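Protein chains in written order, with this note's numbering: chain V, 141 to 271; chain E, 583 to 867.
Here's the structure we're looking at; comments come further down.
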Amino acid sequence: MAKCKYKVGLLNLQDCGKEGVAVCASCNRPVCGAHSRIHEKSTLCLECFVNKVPEQKDNGIGPAENADYRAARRRNLIYGAAGAAAFHPFYFGRSRSYGYDDYTYFDDTYAAAGDTAAGKEDVEPSDFQES
Amino acid sequence: MKKATHKLLDPILREHRMSGKWKADDVRNILQELETYDIAVARKKKISLTVCIISFVVAIVPLFMGFFYLLPLALVGIVFIFLFRRYRSFDIDDQVRLFVKPVLESLQYDVKKDADIALNLELLPLDNDRYLTSRGEPYAAGAYPKCCDYTYKRDFLKMKLSLVDGNKLMIGVDEVLTKTEKTKTNPRGKTKKKYKYAKKTGYSIELKVNTERFSVSRPPVVKNMAEGAPEISIARKDGATIMNGSFTIKCKEKSVGKAEICSDPVMLLGSLTQLYAALKPATTK
């Protein structure tokens, strides 16, 4: 399974990067256990979950395990507020979050299409030379 | 409770103030433990108050009517009155768990992991005598022949954080509470007291911008700003770019319900995002 692609943070977004355990039924990204919730027998990432499920009684008190859920609720409120409409958080992708798993899908696609040159570059330097 | 956190928590509870520098994980653990402690104290306070009331009705009043065999029960009631007073002195301001903890929870991935968080946080409720700054002269108002205004003032929170993007953030919250005590005597001779609370909370956000990564563009001037929208100013100090945002919230309450006049973490975080909206990557001209 690929790494969790849930974006954590408020001002600067980063990939969670933990081992994914499921794929979000709504946005199709791999998510870890901490950033997924079961809703109507399907797995959703926290972001899709807070968008679909109305707010449950949660006044900020509770165990630390739910901290990500509460942070997602607040982030949803802040990004959705009219006053903060102009705000687009910065995304600093971390190189450590991209590993072998991220390229597996492409290799599998190539293999399924019968492309024997999977992993090699399709474009040669000579292609850019003027004739 | 973890032993290490317990060691950190003891001096904080003794002084009713959280002041110093801690790692982000330690701050999170301390706030979690304070929340657990506060909920436990509130539960014990409620139980002791209930026992006091029951013993007063069942034992203390009949005792004066000659039912002396109820004396042990009356003594239990008196013990619980002292217990209630003791638990009340341990009370922690609800804003610690309803405002400070949510703010840090939302910023937990934005704060640099190995950097220290400088925190100065008051734990006692705002209407504690420690924060009483002035007591007005008694005056008469309408049906109430004796009214008195009490003013409480404090710097509730000062927090300095280093963020993962190299920016440095300072959050400050100061509060002024005016408690009006109105007293009147009804025709049966009973004295009745009524309280009104007016609270003014000032928020200030300061962002020291990492100019290697960001450039600052002046945000558009907005007329008729909504409540909670910060007034943003940009200044240069010692070669560093500093953005300031500040706003004030006023609210009034008739009851003692302190939880109702808690600061809203979403409002503060929303203002912070508005400051961030003025930042551009340094490469973008």
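Virtual Cβ for every residue (Gly too), placed ideally from N, Cα, C.
This structure is a prediction, so every number in the text was calculated from the model and none was measured.
Per-residue burial, residue 723 of chain E [other beta carbons within 10 Å of its own, 16 or more giving buried]: exposed
Pairing CB atoms from the stretch 679-697 of chain E with CB atoms from the stretch 741-750 of chain E, are three or more of them under 8 Å? yes
Closer than 9 Å by beta-carbon distance: list the chain V residues that pair up with residue 669 of chain E, in chain order. Going along chain V, no residue has its Cβ under 9 Å from residue 669 of chain E, so there is no contact; the nearest lies around 19 Å.
Cutoff 7 Å: residue 272 of chain V Cβ touching any chain E Cβ: Lying outside 141 to 271, the shown extent of chain V, residue 272 of chain V is not represented and no answer is given.
Output needed in chain order: residues of the stretch 671-686 of chain E with a Cβ under 7 Å from some Cβ in chain V. 679, 680, 683 and 684
Residue 157 of chain V and residue 171 of chain V - do their beta-carbons sit closer together than 7 Å? no
Proximity test, Cβ basis, 7 Å: residue 243 of chain V and chain E: For residue 243 of chain V, the pLDDT reaches just 49, beneath the cut-off of 50, and the residue's location in the model is therefore unreliable, leaving the point undetermined.
May I ask you to verify whether the stretch 758-769 of chain E touches the stretch 712-732 of chain E, counting CB pairs closer than 8 Å and requiring at least 3? yes
Could you tell me if residue 651 of chain E is buried or exposed, where buried requires 16 or more neighbouring beta carbons within 10 angstroms of its beta carbon? exposed
According to a CB-to-CB cut-off of less than 8 Å, which residues of the stretch 699-719 of chain E neighbour chain V? none
Quick check for students: name the residue ranges of the alpha helix (DSSP H) that lie wholly in the stretch 668-695 of chain E, counting only runs of 4 or more. 683-688
Thinking C-alpha only, which one of E:715, E:783, E:605 and E:620 is nearest residue 754 of chain E? E:783
Determine, using beta carbons only, whether residue 797 of chain E comes closer than 7 Å to chain V. no
Tell me, please, which residues DSSP counts as bridged to residue 154 of chain V. V:148
Applying a beta-carbon distance threshold of less than 7 Å, which residues of chain V neighbour residue 590 of chain E? Neighbours of residue 590 of chain E on chain V: none; closest Cβ ~16 Å, over 7 Å.
May I have the straight-line CA-CA distance separating residue 183 of chain V from residue 174 of chain V, to the nearest angstrom? 12 Å
Going straight from the alpha carbon of residue 216 of chain V to that of residue 698 of chain E, what length do you get? 28 Å
What does residue 218 of chain V touch in chain E if you count any residue whose Cβ is under 7 Å from its own? 848, 851, 852 and 855
Residue 715 of chain E and residue 735 of chain E - do their beta-carbons sit closer together than 7 Å? yes
Given residue 786 of chain E as reference, the closest of E:750, E:769 and E:829 once Cα atoms are compared: E:829
From residue 708 of chain E to residue 758 of chain E, what distance separates their C-alpha atoms? 9 Å
Where does residue 168 of chain V fall in DSSP's three states? coil
Inter-residue Cα distance where the pair is residue 797 of chain E and residue 228 of chain V: 15 Å
Between which two residues does the alpha helix (DSSP H) holding residue 637 of chain E run? 606-637
Top-ranked residue by Cα proximity to residue 738 of chain E, from E:608, E:598 and E:748: E:598
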